[in-house]
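For the record, the sequence lines run as chains A and B.
For what it's worth, the numbering used here labels the leading residue of the first sequence as 154, then goes sequentially.
For what it's worth, the numbering used here labels the leading residue of the second sequence as 5, then goes sequentially.
Yeah, the Cβ is synthetic: ideal placement off N, Cα and C, and Gly gets one too.
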Amino acid sequence: MKTHIAGGRLVDPASGRDERADIFIDGSEIAAIGKAPAKFRAERTIDAQGLVVCPGLVDVAARLREPGLEYRATLESEAAAAAAGGVTSLACPPDTDPPLDEPGLVEMLKYRARNLNLVQVYPIGALTHALQGSKLTEMAELAEAGCVAFSQGDAPLPDPQMLLRCMQYAVTLGYSVWLRPQEISLSRGGVAHDGEVATRLGLQAVPAVAETIAVSTILLLARQTGARVHLCRLSGAESVDMVREAKASGLPVSCDISANHLHLTDIDIGDFDSEYNLVPPLRSSRDRDALRAGLADGTIDAICSDHTPVDDDAKQLPFAEAAAGATGLELLLPLTLKWADEAGIALVQALSCLTSAPARLLGIPAGSIVAGARADLCVYDPSQSWLVDATRFRSQGHNTPFAGYELRGRVLYTLLGGHIVYE
Amino acid sequence: MSRNPQLDSSGRLAHLLSIEGLPRETLVHVLDTARSFVSVTERDIKKVPLLRGKSVFNLFFEPSTRTRTTFEIAAKRLSADVINLNVGSSSQSKGETLLDTIANLSAMHADMFVVRHSQSGAPNLIARHVGPNIHVINAGDGRHAHPTQALLDMFTIRHYKHDFPGLRVAIVGDILHSRVARSQIHALTTLGVAEVRVIAPATLLPAAVTRLGVQVFTDMAKGLKDVDVVIMLRLQNERMSGELLPSAQEYFKNYGLSPEKLAHADSQAIVMHPGPMNRGVEIDSSVADGTQSVILPQVTFGIAVRMAVMSILAGQS
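Following this line, the structure appears as structure tokens:
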């Protein structure tokens, strides 16, 4: 199949390219950019006048809920959601049921995803058995099965000793360790930021210091072990400062935030609205502004969807009992564009947080548009505004804090390996 | 928050979930209405027909004696049919969800739900899902709110102190876990009390308590100085086990209301307690039973205040 994407605005953060250029696809690869290769006869031409053509998005955190949690979502539904969101590569955390701590589970997931052929799935393996924090997993076997990094998901490690051993073992084999920083003894039972909202509503708090203490411990141990550490879903202003300082001192650390935390604060919880029950909790506007500043100055590397489909019943409970999380694959791009608009960030920089940067973090061949590369592309209309209606999501999860928001930027085509997987 | 979840589209009180967000006039209206019911409760025949034919469901997901009983008495004095459900021991333990329980009881033509729940916000969730003619009264949810308790406390303060501006009120004890304290603070600030103080060790204070418009004291002598009203909070047994406080003895020594500590307050100060009291932990018996104590009148007024709330919600006052 030969495809010609004609007249679009090509934005490729990896090369810094932002110009009007045609793309010629032959089979699964990009054959040429700008000028058609000799004797190129397109079987399909996509008119991209007025549209943006960028690398397919790379999401570093999307829960597909398989294996084990199929009542919440299936690989079919969530892969379709990814395609509809312009996401062509995604990393899924190991917090499935059972967790991704066995090569067989990882192989099965990869195999099922490959057959669906809607999105490239890169599993993140469990750091410890059953995520229980007591026994290391067979990381080499898991990596062979397809794991690109190792993580505890949202499960805590019991103490710094175990964290140290996880890092030492991972660095021995050359794997990166992905950690969501949260000191469990300071956060147990908590569901909201320890600010005015939690005080007024009588919700148990997760203080910001629960995150900063963990960030501090992780950075100290990373320095000692030389482990490559990625911090997942930062939420607090001080955490961003600590990572900025660590990066300046040369530590090979990276971090991401969720698109939800780029826009929302604890005030949005309003009248105990469980759609805003997220992990980590939404914090103050000062924290949100610090996350935005951290993204703008490059301290924060990537924006992820933190896609967490939840069944309706699990949200229709008192706030603290409701399942945490929001579905996000189909909102990742417009929420990022909304931030870029509001903060006056150049498109090429904003899109780097969704393409080249996360691809580099995962160490995967994705996130750029060059001749000879796999044709994973996202074509979107930057001017089209649309109203978020959760019932129209491809995702099985209809839980979103953004229902009713008017967002700009609509994905029109998603190509995976030259194949149109969404239009 | 788009609109106050307690008010219907025409601004009338549809549910009583929290004191926060209610205008001063609404609180005063409840207090005025309650005053008219005090005389009813003192009569020989203590019934009025305002809620005749209505069904009030007492839904207690958490045990309670005093609050449930006073709600029951209040509803009966308004001639309502009262159904007491001890939900903790029935459907919820069989796995039924909160909203399914509510849907089933609604199908039995309930007119009013009086809800106590261990989770903050549970009554708000229920209020969002009941039909338009069903009213929800929060009888205490988690650490969030206990609005009828705060209203009966305001009634008591007004009864003894006549008006709110100019008063200094101190709330003493476990503010962190207390729904009563939160509702009292909102009620006192809404009614224009000059100074609301909270007195507690830092382990029993919520993170952003000053944002509620209170002054924080950790020392009883300073905090009680010249106050007109002292409200003591109950200290739950599980809070004294060492994590938050070393012992009941040390707590009593520092924060228990003894005659010596009470002497720092205004000589005409009244002493209140939402009950049930831990004598010798947060309050000395000689104070609890002393001349400045209004703890038992609080209970009596509680019936009139709950009658007022129910009749207002039912559109009868």
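Per-residue burial, B/M158 [other beta carbons within 10 Å of its own, 16 or more giving buried]: buried
Of the listed residues A/A236, A/A308, A/K468 and A/T290, nearest to A/A266 (C-alpha basis): A/A236
For A/P535, the three-state DSSP class (helix, strand or coil): strand
Neighbourhood of B/R283 by C-beta distance below 8 Å, restricted to the same chain and skipping five residues each side: S289 and A292
Same chain, Cβ closer than 6 Å to A/M395, neighbours up to 5 away in sequence not counted: V368
Presumed contact (8 Å Cβ cut-off) between B/V231 and B/F256, rounded CB distance: Rounded, the Cβ-Cβ distance is 20 Å, inconsistent with contact.
A/G562 in three-state terms, based on DSSP: strand
Chain A within 8 Å of B/M5, Cβ atoms only: Confidence at B/M5 is low in this model, with a pLDDT of 40, below 50, so its placement is unreliable and no value can be given for it.
Extent of the continuous beta strand (DSSP E) run through A/Y275: Q273 to P276
A/G355 and B/R186 closer than 8 Å at C-beta: yes
Burial state of A/V523 (16 or more Cβ within 10 Å): exposed
Within chain A, the residues that B/V213 reaches when beta carbons sit closer than 7 Å: T352
Endpoints, beta strand (DSSP E) assigned at A/P208: V205 to P208
C-alpha distance - A/C300 paired with A/A528, whole-angstrom precision: 23 Å
According to DSSP, residues forming a beta bridge with A/W331: A/S304 and A/H383
Collapsed DSSP secondary structure at A/H572 in the structure displayed: strand
Cβ-Cβ separation, B/A318 to B/L11 (assumed contact under 8 Å), whole Å: With a Cβ gap of about 16 Å, B/L11 and B/A318 do not count as contacting.
Those residues which DSSP pairs with B/E199 across a bridge: B/R172
8 Å Cβ shell around B/T222 - same chain, five flanking residues per side excluded: I203, A204, P205 and A206
Cβ-based neighbour list, A/R197, same chain, cut-off 6 Å, excluding 5 preceding and 5 following: T156
Buried or exposed (CB count within 10 angstroms, at least 16 for buried), A/A443: buried
B/Q272 classed as buried or exposed, judged by whether at least 16 other C-beta atoms fall within 10 angstroms: exposed
Whether A/V532 touches A/L204 by CB criterion (8 Å): yes
Identity of the residues DSSP links to A/K155 by a beta bridge: A/D179
Alpha-carbon to alpha-carbon, B/L20 and B/G57: 21 Å
Contact with chain B by A/P334, beta-carbon distance below 8 Å: no
Beta-carbon contacts of A/A328 that lie in its chain and below 7 Å, excluding the five residues immediately before and after: Strictly speaking, residue 328 of chain A in this sequence is Tyr, with Ala absent from that position. For A/Y328, where only same-chain residues beyond five positions count, the Cβ hits under 7 Å are M292, A296, A302 and F303.
Residue-level contact to chain B via CB, A/L417, 8 Å cutoff: no
Extent of the continuous beta strand (DSSP E) to which B/I87 belongs: D85 to L89
Alpha-carbon to alpha-carbon, A/D250 and A/L326: 26 Å
Complete beta strand (DSSP E) runs within the stretch 186-232 of chain B (minimum length 3 residues, chain order): 199-203 and 219-221
Residue-chain proximity (B/P151, chain A), Cβ-Cβ < 8 Å: no
A/G169 burial status per 10 Å Cβ neighbour count (16 or more: buried): exposed
Contact check, B/N128 vs B/P9, beta carbons under 8 Å: yes
Limits of the unbroken beta strand (DSSP E) element including B/G144: H139 to D145
Contact set between A/E428 and chain E, taken where Cβ atoms lie within less than 9 Å: This model lacks chain E altogether; the protein chains it does include are A and B.
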